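Trainee: Quick one: structure below, then a few questions.
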């Protein structure tokens with residue numbers, strides 16, 4: 001091959017080719033996750049890879065505008081390669097199921113795109129599989145989604161992982177009680193969600209927040225494992241909004257116990273998302289061997305109203321690339337599916353071999369015909 | 373007991389960190405020996421330590437190659453990586469400043485287009501664009517940043533100032549302070565969830581050792 005052709009072999013930064021056993025493993029994992037979604041009665045949905053900019057705008061609250069891949073269509077409208085499925089699915093549900101009040105269950109699989117900083121080793125195209133449950137605001141919907149997430153991770157071969165659950169309402173509740181708003185709230189949100197206790201403490205002191213609320217904010221970063229731990233927090237909840245947030249988690253824990261999945265659950269009230277559209281419970285999945293969350297989700301009760309349908313909803317996405325990295329570093333063996341068989345032919349034996357290959361393929365075997 | 377891997381910033385910061393960790397009950401004898409090893413163990417306590425360049429510490433922690441990192445807050449700000457910042461260790465104290473010749477002070481008052489040289493282009497950009505709303509041309513240098521204004525490459529510099537003696541020796545002064553800096557303990561987000569008990573315990577022990585000083 002000449003040198004000039006070698007230049008064409010590269011992919012842009014942050015984009016990878018997948019092939020061979022690597023791809024077969026990914027497909028096996030995706031099949032088992034999709035199988036779990038289907039077993040809960042979720043229906044596949046497919047939305048376009050790019051949409052109008054407004055679907056992912058600041059008001060909706062996904063990624064910052066500069067991290068989106070943007071381009072223009074012939075009319076000059078700005079288009080965006082989807083950074084996240086949830087707004088697309090919300091748009092789609094609002095469009096086709098506007099007057100439907102029954103619970104809607106959707107699941108999807110596909111690429112998301114992020115135009116992130118270079119040389120940080122982040123994928124610019126990554127695969128997500130997720131599910132959304134619309135028109136149901138009950139704890140049973142919350143528990144179903146969590147149990148389905150746990151079920152799909154187990155089905156994918158993971159055994160040691162943890163789903164950390166928080167409730168955005170608790171943070172909002174104490175902000176309300178302590179009279180924190182304006183510029184202080186997002187700054188505090190940032191510090192609390194990055195567990196930066198002392199910066200949060202400084203900020204609260206400099207804003208003259210009453211000491212009893214300062215303490216409540218700083219205690220928010222404690223981890224909790226059971227509903228008893230939550231009861232402890234409930235006693236000191238400063239107002240009814242914060243108390244309701246905790247009560248919801250306690251009720252949720254009870255339903256999760258019915259599902260038999262509480263071993264995988266822990267609570268962290270400082271869990272807050274960069275995605276502004278989350279309104280209630282919020283969760284992230286973690287496991288050994290990978291530096292990033294393998295799953296993330298939460299309740300987004302006001303997102304659909306941006307598209308004209310007032311409906312509660314909850315959803316999550318599994319980050320397939322992180323999950324694969326975790327499975328590999330935990331040395332979980334993923335079955336690669338049916339092996340390929342080879343039949344060798346010569347011009348003289350071709351007709352016979354072709355018939356044999358046809359018969360084997362009919363039985364569902366994978367057969368390659370190779371010239372001998 | 374979960375194994376913990378700790379990334380240290382090479383140099384004086386590592387010495388100060390080990391002094392503190394030893395007091396908190398996390399010693400590493402191997403680190404005190406003179407050799408060319410890159411990774412050090414305390415097998416009894418299931419601890420691994422390694423030394424790396426400052427800017428790489430947040431990278432190791434973000435990817436989970438290290439559970440915990442000790443690094444200056446200048447680097448945390450510049451690298452902007454995802455990790456929990458859990459403790460201010462109080463040592464390695466200095467300031468991030470805008471410095472230049474006294475004559476450049478006026479250039480910072482009127483949103484003028486100026487040239488800024490820095491080892492920290494990220495911090496410089498954030499400060500001038502988002503806090504001062506001044507459009508600037510940022511030039512990345514890799515060391516001896518003080519040279520910038522002296523040889524006429526830039527109007528001012530953004531750099532760490534500890535005592536100010538290097539600035540003074542070269543006829544420069546601190547014009548504005550961007551923020552205070554010190555050494556911080558950062559934790560990988562996943563490790564915090566998966567090894568909660570051990571990491572929380574370590575944070576508590578280190579905090580206690582800090583208070584005793």
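Residue numbers (this note's numbering), protein chains in the order written: chain D, 1 to 372; chain P, 373 to 585. Yeah, the Cβ is synthetic: ideal placement off N, Cα and C, and Gly gets one too. Just so we're clear, the structure is a prediction, and the values are computed from it rather than from any experiment.
Can you list the residues of chain D that residue 457 of chain P reaches, using a CB-CB cut of under 8 angstroms?
Mentor: Taking the second chain and counting its residues from 1, the one referred to as residue 457 of chain P is at position 85. Ordered by position in chain D, the residues that pass the 8 angstroms Cβ test against residue 457 of chain P are 194, 195, 196, 199.
Trainee: If we count the other Cβ atoms within 10 Å of its Cβ and call it buried at 16 or more, is residue 19 of chain D buried or exposed?
Mentor: Here the question's residue 19 of chain D lines up with position 19 in the first chain. Residue 19 of chain D should be labelled exposed.
Trainee: Going by DSSP, which residues form a beta bridge with residue 471 of chain P?
Mentor: Counted from its first residue, the second chain places residue 471 of chain P at position 99. The partner list for residue 471 of chain P (beta bridge, DSSP) reads P:529, P:546.
Trainee: Could you check which residue in D:38, D:61, D:17, D:31 has the C-alpha nearest to that of residue 277 of chain D?
Mentor: The sequence position of residue 277 of chain D within the first chain is 277, counting from 1. Selected option, being the one with the closest Cα: D:61.
Trainee: Pull the bridge partners of residue 146 of chain D from the DSSP assignment, please.
Mentor: Within the first chain, the letter at position 146 stands for residue 146 of chain D. DSSP lists no partner for residue 146 of chain D.
Trainee: With DSSP as the reference, label residue 395 of chain P as helix, strand or coil.
Mentor: In the second chain, residue 395 of chain P corresponds to position 23, counting from 1. Three-state DSSP puts residue 395 of chain P in a helix.
Trainee: What does a CB cutoff of less than 7 angstroms around residue 374 of chain D pick up in its chain, not counting 5 residues either side in sequence?
Mentor: In the structure as shown, chain D starts at 1 and stops at 372, and residue 374 of chain D therefore has no counterpart that could be examined.
Trainee: 9 angstroms is my cut-off, CB to CB: does residue 506 of chain P come that close to chain D?
Mentor: By one-based count along the second chain, residue 506 of chain P stands at place 134. False, the Cβ-Cβ gap to chain D never drops below 9 angstroms.
Trainee: At a CB distance below 8 angstroms, what residues from the stretch 161 to 182 of chain D approach chain P? Give them in sequence order.
Mentor: Cβ contacts with chain P come from 162, 164.
Trainee: Within 10 Å of its beta-carbon, does residue 404 of chain D have 16 or more other beta-carbons around it, so buried, or fewer, so exposed?
Mentor: Because chain D spans 1 through 372 in this model, residue 404 of chain D falls outside it and cannot be assessed.
Trainee: By the three-class DSSP mapping on this structure, what secondary structure does residue 95 of chain D have?
Mentor: Residue 95 of chain D sits at position 95 when you count from the first residue of the first chain. Looking at residue 95 of chain D - three-state DSSP - the assignment turns out to be helix.
Trainee: For residue 126 of chain D, which residues does DSSP report across the bridge?
Mentor: In the first chain, the residue the question calls residue 126 of chain D occupies position 126. According to DSSP, residue 126 of chain D bridges with D:112.
Trainee: Which one of D:80, D:312, D:168 has the shortest CA to CA distance from residue 98 of chain D?
Mentor: For the purposes of this step, residue 98 of chain D is taken as residue 98 along the first chain, with counting starting at 1. Considering only alpha carbons, the answer is D:312.
Trainee: Should residue 574 of chain P and residue 396 of chain P be called a contact, given that it needs their Cβ atoms to be closer than 9 angstroms?
Mentor: Position 202 of the second chain holds residue 574 of chain P. Position 24 of the second chain holds residue 396 of chain P. Contact: yes.
Trainee: Considering only the beta carbon of each residue, do residue 79 of chain D and residue 72 of chain D sit closer than 9 angstroms?
Mentor: Working through the first chain from its first residue, we reach residue 79 of chain D at position 79. Working through the first chain from its first residue, we reach residue 72 of chain D at position 72. In this structure, residue 72 of chain D lies closer than 9 angstroms to residue 79 of chain D by Cβ.
Trainee: Which residues of the stretch 561 to 574 of chain P have a Cβ closer than 8 angstroms to any Cβ of chain D? Give them in chain order.
Mentor: Here the close residues are 561, 562, 564, 565, 566, 568, 572.
Trainee: Starting from residue 420 of chain P, trace the beta strand (DSSP E) both ways and give me its first and last residue.
Mentor: For this step, residue 420 of chain P is matched to residue 48 along the second chain. Its beta strand (DSSP E) spans residues 419 to 424.
Trainee: Between the Cα of residue 369 of chain P and those of P:408, P:420, P:421, P:529, spot the shortest distance and give me the residue it belongs to.
Mentor: For residue 369 of chain P there is no data in the structure shown, the boundaries of chain P being 373 and 585.
Trainee: Looking at the structure shown, is residue 484 of chain P part of a helix, part of a strand, or coil, going by DSSP?
Mentor: Here residue 484 of chain P refers to the residue found at position 112 of the second chain. Coil.
Trainee: Determine the direct distance from the alpha carbon of residue 12 of chain D to that of residue 5 of chain D, and round the result to whole angstroms.
Mentor: Taking the first chain and counting its residues from 1, one reaches residue 5 of chain D at position 5. Taking the first chain and counting its residues from 1, one reaches residue 12 of chain D at position 12. In a straight line, the C-alpha of residue 5 of chain D is about 16 angstroms away from that of residue 12 of chain D.
Trainee: Please specify which runs of the alpha helix (DSSP H), each continuous and at least 4 residues long, are wholly inside the stretch 484 to 516 of chain P, giving them in chain order.
Mentor: Complete alpha helix (DSSP H) runs here, min 4: 493 to 497.
Trainee: For a cutoff of 9 angstroms on Cβ pairs, would you count residue 428 of chain P as touching chain D?
Mentor: Sequence index remark: in the second chain, residue 428 of chain P carries index 56 (1-based). Not one chain D Cβ lies under 9 angstroms of residue 428 of chain P.
Trainee: Please decide whether residue 267 of chain D counts as near chain P, where near means a Cβ-Cβ distance under 9 angstroms.
Mentor: If you number the first chain from 1, residue 267 of chain D lands on position 267. Chain P contact via Cβ: absent.
Trainee: Could you list which residues in chain P have their beta carbon closer than 9 angstroms to that of residue 260 of chain D, in chain order?
Mentor: Locating residue 260 of chain D in the first chain gives position 260, counting from the first residue. Chain P residues near residue 260 of chain D: none, gap ~21 angstroms exceeds 9 angstroms.
Trainee: Against residue 460 of chain P, what residues of chain D qualify as contacts under a CB-to-CB distance less than 7 angstroms, listed in chain order?
Mentor: The sequence position of residue 460 of chain P within the second chain is 88, counting from 1. Neighbours of residue 460 of chain P on chain D, chain order: 198.
Trainee: Are residue 461 of chain P and residue 392 of chain P touching if we call contact CB-CB under 9 angstroms?
Mentor: As a position in the second chain, residue 461 of chain P is number 89, starting the count at 1. As a position in the second chain, residue 392 of chain P is number 20, starting the count at 1. Taking 9 angstroms as the Cβ cut-off, residue 461 of chain P and residue 392 of chain P qualify as a contacting pair.
Trainee: How is the alpha helix (DSSP H) around residue 161 of chain D delimited, first residue to last?
Mentor: In the first chain, the residue the question calls residue 161 of chain D occupies position 161. Looking at the DSSP string, residue 161 of chain D is not in any alpha helix (DSSP H); the run it does join, the beta strand (DSSP E), is 161 to 167.
Trainee: What number of angstroms, rounded off, separates the C-alpha of residue 106 of chain D from the C-alpha of residue 565 of chain P?
Mentor: The sequence position of residue 106 of chain D within the first chain is 106, counting from 1. The sequence position of residue 565 of chain P within the second chain is 193, counting from 1. So the two alpha carbons sit approximately 29 angstroms from each other.
Trainee: Would you be able to state if there are at least three C-beta pairs under 8 angstroms between the stretch 447 to 462 of chain P and the stretch 493 to 511 of chain P?
Mentor: Contact holds: three or more Cβ-Cβ distances are below 8 angstroms.
Trainee: Starting from the C-beta of residue 483 of chain P, find all residues in its chain whose C-beta is less than 6 angstroms away, skip the five residues before and the five after it, and write them out in chain order.
Mentor: Numbered from 1 along the second chain, position 111 holds the residue referred to as residue 483 of chain P. Excluding residues within five positions, the ones whose Cβ falls inside 6 angstroms are 506.
Trainee: Between residue 443 of chain P and chain D, is the shortest Cβ-Cβ distance under 9 angstroms, so that the two count as touching?
Mentor: The residue labelled residue 443 of chain P in the question sits at position 71 within the second chain. False, the Cβ-Cβ gap to chain D never drops below 9 angstroms.
Trainee: When you compare the stretch 534 to 550 of chain P with the stretch 418 to 435 of chain P, are there three or more beta-carbon pairs, one atom per stretch, that lie closer than 8 angstroms?
Mentor: Flag = no, the stretch 534 to 550 of chain P and the stretch 418 to 435 of chain P do not touch.
Trainee: In terms of alpha-carbon separation, which member of D:87, D:141, D:86 lies closest to residue 102 of chain D?
Mentor: For the purposes of this step, residue 102 of chain D is taken as the residue at position 102 of the first chain. When each option's Cα is compared against that of residue 102 of chain D, the closest is D:141.
Trainee: Could you please give the first and the last residue of the uninterrupted beta strand (DSSP E) stretch that includes residue 558 of chain P?
Mentor: Here residue 558 of chain P corresponds to residue number 186 of the second chain, with the count starting at 1. Note, residue 558 of chain P: beta strand (DSSP E), 555 to 559.
Trainee: Pull up the CB-CB distance for residue 547 of chain P and residue 521 of chain P, whole angstroms please, since I reckon it's below 8 angstroms.
Mentor: Residue mapping note: residue 547 of chain P aligns to position 175 of the second chain, counting from 1. Residue mapping note: residue 521 of chain P aligns to position 149 of the second chain, counting from 1. Not a contact, Cβ separation roughly 11 angstroms.
Trainee: Anything in the stretch 219 to 245 of chain D with a Cβ closer than 7 angstroms to a Cβ of chain A? List those residues in chain order, please.
Mentor: Absent from the structure is chain A; the protein chains it does hold are D and P.
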